[in-house]
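Q: Just so it is clear: in the sequence shown, position 109 is 109 by UniProt numbering, and no numbers are missing.
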Amino acid sequence: MKKGFLNISVGIILIFFSAVSALLLSYLSRDAIHVQEKVLESIDNTYTKIMYVSGANIWKKFLTENAAFWDYIQKESDPYKNTSLVFNTNFKYNLNSTREVVYTLVSTTTTYVYVDKYINVIFALKKDGKIIDQGISFDFGWPGI
1 MKKGFLNISV GIILIFFSAV SALLLSYLSR DAIHVQEKVL ESIDNTYTKI MYVSGANIWK
61 KFLTENAAFW DYIQKESDPY KNTSLVFNTN FKYNLNSTRE VVYTLVSTTT TYVYVDKYIN
121 VIFALKKDGK IIDQGISFDF GWPGI
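1) Would you be able to state if there are at least three C-beta pairs under 8 Å between the region 92 to 107 and the region 116 to 131?
2) Identify whether K130 lies in helix, strand or coil by the three-state DSSP scheme.
3) Taking 8 Å as the cut-off, decide whether the C-beta atoms of F87 and G55 are in contact.
4) For V39 versus L95, is the C-beta distance shorter than 8 Å?
5) Mapping the DSSP letters down to three states, classify Y72 as helix, strand or coil.
6) How long is the line joining the alpha carbons of I33 and S97, rounded to whole angstroms?
7) For L24, is the classification buried or exposed, using 16 other Cβ atoms within 10 angstroms of its Cβ as the cut-off for buried?
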């Protein structure tokens, strides 16, 4: 029998080490994918908060500059005549592949109480056209004046 570079015992040992190294690499790559998902989730949550705060700041400025016209913005007697502001933005990131997410913040007045001097605005956020389950509501005005 000829002796070659690779005999049966060396071949079995090489197969064993390659299987162990493949197992370790799969574990490390799974962790890397998990870390990427956590980073993207954190970025998405932070950007969602920024969108809500930005929308609230836009409404605050709009209602402050148009304080005399609140009856036209939201009728106290007719809750179905309301005002909506839509704010669109694109968010692009590159973590292994480039991805662009389109955020749309839809805010609508729901209640105007003349006596208490406040307007309620609800916010809904769409991410790539799909409504996110969470929403938020802000009260603007000067209650007690």
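Virtual Cβ for every residue (Gly too), placed ideally from N, Cα, C.
Given the structure is predicted, the values throughout are model-derived calculations rather than measurements.
A: Short version:
1) yes
2) strand
3) yes
4) yes
5) helix
6) 13 Å
7) exposed
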